[in-house]
Amino acid sequence: MWASDRASAVPGSVFSLMDQAMGRARAAGLPVIDLSIGSSDLHPPAAVLDVLRDATRDPATYRYPMVSDTRPLRMAAADYLHRRFGVQVNADGEVVPLIGAQEGLAHLLLAVTDPGDTLLLPDPCYPPYLGAAAVAGLNVVTLPLHVERGFLPDLDAVPAGVRPRVLLLNYPNNPTSAVADLAFFERAAGWCRARGTLLVHDNPYAELTFGTYRAPSALQAGVDGVVELHSLSKTHHMGGFRVGFAAGDAGALAALARVKGAVDFHPYLGIQRAAALALGLPEDVGREGAATFEARRDALVPALQRLDWDVTLPQASMFVWARVPGLTDSVAFAVQLAAQTGVAVSPGRAFGVQGEGFVRLALVQPPAALERAARALSGAAIPSGSAPLAR
Ligand SMILES: Cc1ncc(COP(=O)(O)O)c(C=O)c1O
Numbered sequence: 001m002w003a004s005d006r007a008s009a010v011p012g013s014v015f016s017l018m019d020q021a022m023g024r025a026r027a028a029g030l031p032v033i034d035l036s037i038g039s040s041d042l043h044p045p046a047a048v049l050d051v052l053r054d055a056t057r058d059p060a061t062y063r064y065p066m067v068s069d070t071r072p073l074r075m076a077a078a079d080y081l082h083r084r085f086g087v088q089v090n091a092d093g094e095v096v097p098l099i100g101a102q103e104g105l106a107h108l109l110l111a112v113t114d115p116g117d118t119l120l121l122p123d124p125c126y127p128p129y130l131g132a133a134a135v136a137g138l139n140v141v142t143l144p145l146h147v148e149r150g151f152l153p154d155l156d157a158v159p160a161g162v163r164p165r166v167l168l169l170n171y172p173n174n175p176t177s178a179v180a181d182l183a184f185f186e187r188a189a190g191w192c193r194a195r196g197t198l199l200v201h202d203n204p205y206a207e208l209t210f211g212t213y214r215a216p217s218a219l220q221a222g223v224d225g226v227v228e229l230h231s232l233s234k235t236h237h238m239g240g241f242r243v244g245f246a247a248g249d250a251g252a253l254a255a256l257a258r259v260k261g262a263v264d265f266h267p268y269l270g271i272q273r274a275a276a277l278a279l280g281l282p283e284d285v286g287r288e289g290a291a292t293f294e295a296r297r298d299a300l301v302p303a304l305q306r307l308d309w310d311v312t313l314p315q316a317s318m319f320v321w322a323r324v325p326g327l328t329d330s331v332a333f334a335v336q337l338a339a340q341t342g343v344a345v346s347p348g349r350a351f352g353v354q355g356e357g358f359v360r361l362a363l364v365q366p367p368a369a370l371e372r373a374a375r376a377l378s379g380a381a382i383p384s385g386s387a388p389l390a391r
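Each residue of the sequence shown is one higher than the one before, starting from 1 at the first, in full-length UniProt numbering.
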């Protein structure tokens with residue numbers, strides 16, 4: 001009765017179905033291996049936790065943080081972008097602290113668009129993008145991501161008449177794990193400039209990269225007309241802390257700061273201090289977490305390939321995106337798989353129409369659990385048609 005049209009337009013999530021299915025597995029006495037949610041199981045660096053613990057004993061952190069209080073975190077973010085990507089941004093005006101990238105994106109869309117504006121969005125994509133677009137009342141035009149193009153969108157296929165207000169990209173990508181090089185971002189930034197479009201790049205997996213691969217920043221293609229969202233959730237295993245930052249175009253960020261000024265008061269100062277310290281840590285501290293995910297990738301991918309699942313070895317992120325032969329109802333498959341085997345994966349359809357036929361497995365368990373999960377998957381009949389896991 002009280003739901004606004006805006007609230008009603010936010011799509012529901014299949015993750016509650018997955019949760020119920022895992023509950024049924026637990027009730028049946030099955031050990032649950034949850035690979036459905038991309039929440040890091042690793043711990044933040046000890047020095048980060050020490051800063052936060054000390055901050056809780058510092059009465060200066062108990063009051064509302066003001067904009068001036070966010071300067072150390074803004075400086076740390078600007079330093080990080082310079083050190084890591086060679087990008088120059090002004091900590092005063094070109095960086096805004098966030099309560100996570102997800103919060104930042106929802107408020108950024110409210111800040112830079114008006115209802116009815118067009119948002120160009122990849123399909124598949126991180127599902128909250130659709131919720132944020134619905135809250136902002138946007139007209140979503142999707143860009144299909146296909147394996148043949150390395151899950152990169154074909155911007156040339158967008159009709160000349162489509163003039164989106166925002167193009168939203170995300171590489172390393174959730175859910176496909178695809179990566180994009182700087183040349184791709186340069187092309188996307190040029191395309192956006194020609195159409196009067198703001199390029200928004202969601203970059204929470206920037207440091208979760210494997211081997212010698214290092215992810216670029218979209219800001220390397222220019223700061224004007226580009227906003228990039230960074231998060232400490234994945235790179236520093238601080239998902240529960242809710243902290244990140246936006247950097248880039250000064251006008252877009254001023255609008256974001258204005259909207260946020262009406263809704264929140266910046267992250268808790270102790271969390272800001274912890275995040276500032278984390279951003280300044282030597283690169284090899286972050287590489288340890290990435291190496292853990294890489295070892296898990298190496299445990300899981302060959303096991304899936306032995307099942308004839310179509311999967312490429314990801315170079316980054318914490319996900320494996322696999323096409324399951326014969327799969328036409330990934331939601332029914334994932335729900336039944338969880339209930340019958342205790343192994344929870346995300347159905348590809350949850351990320352968009354183009355995700356049908358795929359599942360996403362998050363590398364958030366140690367290798368032994370991943371191998372157990374692969375064994376459970378090999379015991380499950382691969383569904384065809386609408387009868388998933390028929391035995
Ligand atoms: C692509 C993408 N963006 C944003 C987020 C959320 O980031 P944060 O925890 O900073 O809100 C996630 C989390 O899974 C994600 O995959």
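Cβ atoms here follow ideal geometry from the backbone N, Cα and C, with glycine treated the same way.
Q: Please indicate yes or no: does the CB of proline 31 lie closer than 8 Å to some heavy atom of ligand 1?
A: Reading the sequence shown from its first residue, position 31 is the one you call residue 31. No, ligand 1 has no heavy atom inside 8 Å of this Cβ.
**Q.** Any heavy atom of ligand 1 nearer than 6 Å to the CB - residues listed
**A.** Gly38, Gly100, Ala101, Gln102, Tyr126, Asn170, Asn174, Asp202, Pro204, Ser231, Ser233, Gly239 and Gly244
Q) Which residues in the same chain as proline 65 place their Cβ atom closer than 8 Å to its Cβ, once the five residues preceding and following it in sequence are excluded? A) As a working note, residue 65 is residue 65 in the sequence shown. Result list for proline 65: Phe265, His266, Pro267, Tyr268, Leu269 and Gln272, in chain order.
Q. Along the chain, where does the alpha helix (DSSP H) that runs through proline 128 open and close?
A. As a position in the sequence shown, residue 128 is number 128, starting the count at 1. Its alpha helix (DSSP H) spans residues 128-135.
Q. Which whole runs of the beta strand (DSSP E) in the segment 76-138 are 3 residues long or more, in chain order?
A. 95-98 and 118-123
Q: Return the Cβ separation of arginine 349 and glycine 342 in integer angstroms, given the expectation that the two are a contact with Cβ distance under 8 Å.
A: As a working mapping, residue 349 is identified with position 349 in the sequence shown. As a working mapping, residue 342 is identified with position 342 in the sequence shown. At roughly 21 Å, the Cβ-Cβ gap does not stay under 8 Å, so arginine 349 and glycine 342 are not in contact.
Q: Measure the alpha-carbon distance for valine 95 versus alanine 303 and round it to whole angstroms.
A: Walking along the sequence shown from the start, residue 95 turns up at place 95. Walking along the sequence shown from the start, residue 303 turns up at place 303. Valine 95 and alanine 303: Cα-Cα distance of roughly 43 Å.
(Q) aspartate 34 and methionine 22 - do their beta-carbons sit closer together than 9 Å? (A) The residue you call residue 22 lines up with position 22 of the sequence shown. The residue you call residue 34 lines up with position 34 of the sequence shown. A contact, by the Cβ cut-off of 9 Å.
Q | Whole-Å CB distance - glycine 289 paired with histidine 230, under 8 Å assumed | A | Counting from one through the sequence shown, the residue named residue 289 turns up at place 289. Counting from one through the sequence shown, the residue named residue 230 turns up at place 230. Not quite, the Cβ-Cβ distance comes to about 15 Å (not below 8 Å), so this is no contact.
Q.
My output table needs one value for tryptophan 321: the three-state DSSP class, helix, strand or coil.
A. One-based indexing of the sequence shown puts residue 321 at position 321. Tryptophan 321 falls in the strand class under three-state DSSP.
Q: Please classify alanine 133: is it buried, with 16 or more other beta-carbons within 10 angstroms of its beta-carbon, or exposed?
A: The residue given as residue 133 occupies position 133 in the sequence shown. Looking at its Cβ environment, which holds 16 or more other Cβ atoms inside 10 Å, alanine 133 is buried.
Q) Are there 16 or more other CB atoms within 10 angstroms of the CB of isoleucine 99, so buried, or fewer, so exposed? A) Taking the first residue of the sequence shown as 1, we reach residue 99 at position 99. When all chains shown are included, isoleucine 99 counts as buried.
(Q) List, from N- to C-terminal side, the alpha helix (DSSP H) runs of 4 residues or more that fit wholly inside the segment 157-231. (A) 182-195
Q.
Is the beta carbon of alanine 91 closer than 9 Å to that of alanine 78?
A. If you number the sequence shown from 1, residue 78 lands on position 78. If you number the sequence shown from 1, residue 91 lands on position 91. Against a cut-off of 9 Å, the Cβ pair of alanine 91 and alanine 78 comes out as a contact.
Q. Which same chain residues, not among the five before or five after proline 388, have their C-beta less than 7 Å away from its C-beta?
A. Position 388 of the sequence shown holds residue 388. Note that proline 388 scores 39 on pLDDT, short of 50, meaning its location in the model is unreliable; the coordinates nonetheless yield the value given after this. Answer for proline 388: Asp329, Ala332, Phe333 and Gln336, listed in chain order.
Q | Start-to-end residues for the beta strand (DSSP E) that takes in valine 359 | A | The sequence position of residue 359 within the sequence shown is 359, counting from 1. Element bounds for valine 359: 358-362.
Q.
Let me check understanding here. Comparing Cα to Cα, which of Pro127, Ala60 and Ala3 lies closest to glycine 12?
A. As a position in the sequence shown, residue 12 is number 12, starting the count at 1. Comparing alpha carbon positions, the residue from Pro127, Ala60 and Ala3 closest to glycine 12 is Pro127.
Q: Would you please state the rounded distance, in angstroms, between the beta carbons of leucine 119 and valine 166? I believe it to be under 8 Å.
A: The count along the sequence shown starts at 1 and reaches residue 119 at position 119. The count along the sequence shown starts at 1 and reaches residue 166 at position 166. Indeed, because the Cβ distance is near 5 Å, the residues count as touching under 8 Å.
Q: Report back the beta-carbon spacing between tryptophan 321 and phenylalanine 358 to the nearest angstrom; my notes put them in contact at under 8 Å.
A: Your numbering for residue 321 matches position 321 in the sequence shown. Your numbering for residue 358 matches position 358 in the sequence shown. Confirmed, Cβ separation roughly 6 Å.
**Q.** Reduced DSSP secondary structure (H/G/I, E/B, other) of alanine 380
**A.** Your numbering for residue 380 matches position 380 in the sequence shown. Three-state result, alanine 380: coil.
Q. Can you give the Cα-Cα distance for alanine 373 and valine 32, rounded to whole angstroms?
A. Position 373 of the sequence shown, counted from the start, is the residue given in the question as residue 373. Position 32 of the sequence shown, counted from the start, is the residue given in the question as residue 32. About 9 Å.
Q.
So, for methionine 75: in the same chain, excluding its five sequence neighbours on each side, which residues have a beta-carbon less than 6 Å away from its beta-carbon?
A. Counted from its first residue, the sequence shown places residue 75 at position 75. Counting only Cβ-Cβ distances below 6 Å, and skipping sequence neighbours, we find Ala91.
Q) Based on the DSSP output, what are the partners of leucine 143 in its beta bridges? A) Counted from its first residue, the sequence shown places residue 143 at position 143. Answer by DSSP bridge pairing, in chain order: Pro122.
**Q.** Option nearest serine 217 by Cα separation, candidates Ala276, His201, Asp58 and Leu30
**A.** By 1-based counting over the sequence shown, the position of residue 217 is 217. Cα-wise, what sits closest to serine 217 is His201.
Q) What are the partner residues of alanine 28, as DSSP defines its beta bridges? A) Within the sequence shown, residue 28 is the residue found at index 28, counting from 1. Paired residue(s): none; alanine 28 is not in a bridge.
Q | Distance, alanine 46 Cα to alanine 246 Cα | A | Residue 246 sits at position 246 when you count from the first residue of the sequence shown. Residue 46 sits at position 46 when you count from the first residue of the sequence shown. Using only the alpha carbons, I get a separation of about 25 Å.
**Q.** Boundaries of the beta strand (DSSP E) in which alanine 246 is found, first to last residue
**A.** As a working note, residue 246 is residue 246 in the sequence shown. Element bounds for alanine 246: 244-248.
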